[in-house]
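Counting in the numbering used here, the sequence shown runs from 4 upward without gaps.
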Amino acid sequence: MDLLPLRRGRVMAPSMGLAAVVVFASLLPVGTAGAADGEDAAASAAVAQVDVDAREAPRGVLKAHLRLPVSAGPLTLLYPKWLPGRHSPAGPITSLAGPRLRAGGAPLAWRRDLLDPYVFHVDIPPGVKLLEADLEVLTAPAPDGVVQGLETPRYATESLALVEWNQVLLYPAGPSSDALTYAASVRVPPGWHTATALAPAPGAAGADERRFAPVSLTTLVDSTLLTGRYWRAIDLGGDPDVRLDIAADRPALLEMAAPIEEHYRNLVKEAAALFGATHYRHYQFLWILTDQIMPDGIEHHESSDNRSPARALLDDNIRRAEANLLAHEYAHSWNGKFRRPADLATPDYQAPMRDDLLWVYEGLTEYLGDVLAARSGLLTQTEFRDELARLAAQMDVHKGRDWRSLQDSTDAAPLLYYQDRNWAARLRRQDDFYQESALLWLEADTIIRRASQGRRSLDDFCRRFFGGPSTAPQVRPYDFDAVVAALDAVEPYDWRGFWRSRLQRTGGGAPLSGLRDAGWRFALEASPSTMHTAHEVEDHEINLQYSLGFALGLDGGTISDIVPDSPADRAGMAPGSHLVAVDGHRWSADTVHEALAGRAASIALLVEKDDEYRSYTLGYDGGERYPGLVRDAGPDLLEAIGRPRRAPRASPAP
Ligand SMILES: [Zn+2]
């Protein structure tokens, strides 16, 4: 789309000051004294312009036209590579077509850096002050209906699209992203709605066009835009305001039951009660409901980009499985955006991120997401416990801990986000620093509650570390010592030793002390919990990891994630095989469950792999086994942790 607006000579709004120039090539930050040296006095108000045409997004084409103020000489242009929230070099460079550069009315040659494909070198001719660039981001559904993963993300369906600004722009090397100013606009398909945390620019825009006030490149990249045909907007209250905008692939998917809507209002209240302050001017939840885009969530400071299966509001199982998504991403506004590990507070998208503190950034957020979901009513108390049991069980089968510490799983996050789950349990671990760290933050919570005899809790740490006076978005970096000091200020304890030993441990099972100290014991039970079933439904699989030792995809009987020392492992089964028959009967969920319930001395599986058939005999008579929690001695701290902080308004009758 070729930047139609600009090729047709659209004039920028005067308030954007586009005629003025920031000298990118000389690396002068916007707005600092001396920035206008030798240039127009209005230089400090200069902006780059990015105009996005999303009208063809449904067919997988997103077009952008950039106008970058430049000066003569060598210039290095960067395509955003290390993305906040992704913690990895995830900029979708393989989906990028372009740039096509023009300067002074003529095409301008460029050359890609030989060491880094995200870097483009160009020489700006004498007298040229404006560089124009055309980009396209191209995506398509994966073959065979497989939902694409992080490497080649889809951002649009026939009825909705996400515009992640980092995908559609270039920026000059040198200045920090805080010091570069961009004004953005977007054209959307006729009649589609939009939502973003960006403020609109003053003045009129064309039909189906939105223009936004200039912001720093940091803020632009942090302000994903959602557009869609079928739409629902909900004011969630709060001070400052919190808004939820939902786009779905079909109008019927937008029906949210009144009690659920009330739970999301409660979420805003519970977060305010937990942190005691906010660090946004307003907050915008974006939520897409589709089966065409991988379920995910990406945090931003004043918004979050939430992606759930199509029936997340309608199917109770999927609703439960997704219950902590918005709570998790919302908590990141405090933990991850306002307070950020110093190693992740990078000056631009080219500086590598170091992920060594993700056990705070993601691990504590994983814990708080579940806690806030319980306090808001999005999860019942039983579901909250069952979710913790599920995390504990998952971590207990991850034998990669034998060689890889929790610390290494965070250090290696840029790799682990891109691994598939096969062999994760046996050899590698996955990005399981989310779940394992969550269990450790529960343990820290129980230590504070028990030592203070219930007078203090991890809530006090959250208020101290993430609260303070309410502010507009800002970043306050921290390091390991700051986390230890803040915990110590809440409850004196050997927090340094606590974290060091748990982060560096190799070998052993899941850390279960937190559950035990909360008055609960992890156990395998004969019936699946509602949360186990919820995740099975969402993942289209039967999770037999705690009995036969593998997960079984319902679309094709794919065997995955074989657990070490399980019956499947001992029989020599391989991930990627396909189940054909169980005890001589064509496989189905029913025949699998019947074989387990029969509790014969062994179960015979016929499996297809690499165009060959093999029979396996699994020595197992233990019946069905699923993770659960059994009440143990001592006070029930999980009830105290999941209890609402603020009395929610009475829910309307369903
Ligand atoms: Zn997260």
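By construction, the Cβ of each residue, glycine as well, lies at the ideal position given by its N, Cα and C atoms.
* Asked: Is it right to say D624 is buried, meaning 16 or more other beta carbons lie within 10 angstroms of its own, or is it exposed?
  -> Within the sequence shown, numbered from 1, the residue matching residue 624 stands at position 621. With fewer than 16 other Cβ atoms within 10 Å, it is exposed.
* Ordered list of beta strand (DSSP E) runs contained in the stretch 498-572, each at least 3 residues -> 523-528, 544-546, 554-556
* **Cβ-based neighbour list, D294, same chain, cut-off 7 Å, excluding 5 preceding and 5 following** => Position 291 of the sequence shown holds residue 294. So the qualifying residues of the chain are P312, A313.
* Rounded straight-line distance, which links the Cα of L201 to that of T474 -> Against the sequence shown, residue 474 aligns to sequence position 471. Against the sequence shown, residue 201 aligns to sequence position 198. In a straight line, the C-alpha of T474 is about 17 Å away from that of L201.
* **Nearest residue (CA-CA) to Q438, options L371, L461, Y421** => By 1-based counting over the sequence shown, the position of residue 438 is 435. If we check each option's Cα against that of Q438, L371 comes out closest.
* **Cβ-Cβ separation, L445 to G692 (assumed contact under 8 Å), whole Å** => Coverage of the chain is limited to positions 4 through 657, which leaves residue 692 absent and any answer about it impossible.
* **Check: E285 C-beta below 7 Å from any heavy atom of ligand 1** => The count along the sequence shown starts at 1 and reaches residue 285 at position 282. With the sequence shown as reference, residue 285 is identified as His, and Glu is not the correct amino acid for it. Because no heavy atom of ligand 1 lies under 7 Å away, the Cβ of H285 does not count as near it: no.
* Close beta carbons around V258, own chain, < 8 Å, minus the five adjacent residues each side -> Here residue 258 refers to the residue found at position 255 when the sequence shown is read from its first residue. First, the amino acid is wrong: residue 258 is Glu here, not Val. Hits under 8 Å: L316, L317.
* Of the choices V224, P205, A210, A600, whose alpha-carbon is the least far from that of A216? -> Locating residue 216 in the sequence shown gives position 213, where the first residue counts as 1. When only C-alpha atoms are compared, the closest one is P205.
* **CB-CB length for T227 against V166, believed under 8 Å** => Counted from its first residue, the sequence shown places residue 227 at position 224. Counted from its first residue, the sequence shown places residue 166 at position 163. Contact flag correct, Cβ pair sits at about 7 Å.
* Nearest-angstrom beta carbon gap, G645 and F436 [assumed within contact, 8 Å] -> On the sequence shown, position 433 is the one that residue 436 refers to. On the sequence shown, position 642 is the one that residue 645 refers to. Actually they do not touch by this definition, with Cβ atoms about 23 Å apart.
* To do: In angstroms with no decimal places, state the Cα-to-Cα distance between G339 and F483.
  => For this step, residue 339 is matched to residue 336 along the sequence shown. For this step, residue 483 is matched to residue 480 along the sequence shown. Cα-Cα distance, rounded: 14 Å.
* To do: Would you list the residues sitting across from V583 in a DSSP beta bridge?
  => Position 580 of the sequence shown, counting from 1, holds the residue named residue 583. Answer by DSSP bridge pairing: none, since V583 is not bridged.
* beta strand (DSSP E) segments (min. 3 residues) lying fully within the stretch 151-204 -> 163-166, 184-190, 196-198
* With distances taken from CA atoms, which of R628, A521, A584 is nearest L391? -> Within the sequence shown, residue 391 is the residue found at index 388, counting from 1. Ranking the options by Cα distance to L391, first place goes to A521.
* Can you give me the Cβ contacts of L394 inside the same chain, cut-off strictly under 7 Å, excluding the 5 residues immediately before and after it? => As a working mapping, residue 394 is identified with position 391 in the sequence shown. The residues are Q438, A441, L442.
* Asked: According to DSSP, which residues form a beta bridge with I301?
  -> Within the sequence shown, numbered from 1, the residue matching residue 301 stands at position 298. According to DSSP, I301 bridges with D308.
* Asked: H90 lies in the alpha helix (DSSP H); which residues open and close that run?
  -> Position 87 of the sequence shown, counted from the start, is the residue given in the question as residue 90. Here H90 belongs to no alpha helix (DSSP H), and DSSP marks it neither H nor E.
* Sorry if obvious, but does the Cβ on H335 come closer than 7 Å to a heavy atom of ligand 1? -> Taking the sequence shown and counting its residues from 1, one reaches residue 335 at position 332. Yes, Cβ of H335 sits closer than 7 Å to a heavy atom of ligand 1.
* Does ligand 1 have a heavy atom nearer than 7 Å to the CB of T679? -> The chain is shown only over 4 to 657; residue 679 falls outside these bounds and no answer can be derived.
* Asked: Is the Cβ-Cβ distance between T533 and D389 less than 8 Å?
  -> Numbered from its first residue, the sequence shown carries residue 533 at position 530. Numbered from its first residue, the sequence shown carries residue 389 at position 386. Yes, the pair counts as a contact, with Cβ atoms nearer than the cut-off.
* Endpoints, the beta strand (DSSP E) within which T230 is located -> Numbered from its first residue, the sequence shown carries residue 230 at position 227. Taken as a continuous stretch (DSSP letters only), the beta strand (DSSP E) holding T230 covers 228-231.
* Asked: Thinking C-alpha only, which one of V566, E539, S618 is nearest L557?
  -> Against the sequence shown, residue 557 aligns to sequence position 554. When each option's Cα is compared against that of L557, the closest is E539.
* Option in W523, R310, Q410 with minimal Cα separation from Q507 -> As a first step, residue 507 must be located in the sequence shown, where it is residue number 504. Ranking the options by Cα distance to Q507, first place goes to Q410.
* To do: Use the C-beta contact count for A112: other C-beta atoms within 10 angstroms, 16 or more gives buried, fewer gives exposed.
  => Residue mapping note: residue 112 aligns to position 109 of the sequence shown, counting from 1. Result: exposed.
* Report the rounded CA-to-CA distance for P417 versus D359, giving the unit in angstroms. => Stepping through the sequence shown from its first residue, residue 417 is reached at position 414. Stepping through the sequence shown from its first residue, residue 359 is reached at position 356. Answer to the nearest angstrom: the Cα atoms are 11 Å apart.
* Kindly indicate which residue of L551, A260, L547, G579 has the alpha-carbon position closest to the one of T561. => Locating residue 561 in the sequence shown gives position 558, where the first residue counts as 1. Out of L551, A260, L547, G579, G579 has the C-alpha closest to the C-alpha of T561.
* Asked: Going by the C-beta, is H588 closer than 7 Å to any heavy atom of ligand 1?
  -> The residue you call residue 588 lines up with position 585 of the sequence shown. False, no ligand heavy atom lies under 7 Å from that Cβ.
* Return helix, strand or coil for I450, following the three-state DSSP convention. => On the sequence shown, residue 450 is found 447 positions in, with the first residue counted as 1. The answer is helix: DSSP assigns I450 an H, G or I state.
* Buried or exposed (CB count within 10 angstroms, at least 16 for buried), S379 -> For this step, residue 379 is matched to residue 376 along the sequence shown. Buried, by the Cβ-count rule.
* What is the residue span of the beta strand (DSSP E) that Q456 lies within? -> What you label residue 456 is simply residue 453 of the sequence shown in a count that begins at 1. Note, Q456: premise wrong, no beta strand (DSSP E); not H, not E.
* Hey, L163 and A236: beta-carbon distance below 8 Å or not? -> Working through the sequence shown from its first residue, we reach residue 163 at position 160. Working through the sequence shown from its first residue, we reach residue 236 at position 233. No; because the gap between Cβ atoms is not below 8 Å, this pair is not in contact.
* **Closest residue to S98 among G107, N169, V245 (Cα-Cα distance)** => Locating residue 98 in the sequence shown gives position 95, where the first residue counts as 1. The residue with the shortest Cα to Cα distance from S98 is N169.
* Name the one or two DSSP bridge partners that Y286 has. => In the sequence shown, residue 286 corresponds to position 283, counting from 1. Note: Y286 sits in a beta bridge opposite V245.
* Determine, using beta carbons only, whether W498 and D491 come nearer to each other than 8 Å. => Locating residue 498 in the sequence shown gives position 495, counting from the first residue. Locating residue 491 in the sequence shown gives position 488, counting from the first residue. Going by C-beta atoms, W498 is nearer than 8 Å to D491.
* **Helix, strand or coil at F341 [DSSP, three-state]** => In the sequence shown, the residue the question calls residue 341 occupies position 338. F341: coil per DSSP, three-state reduction.
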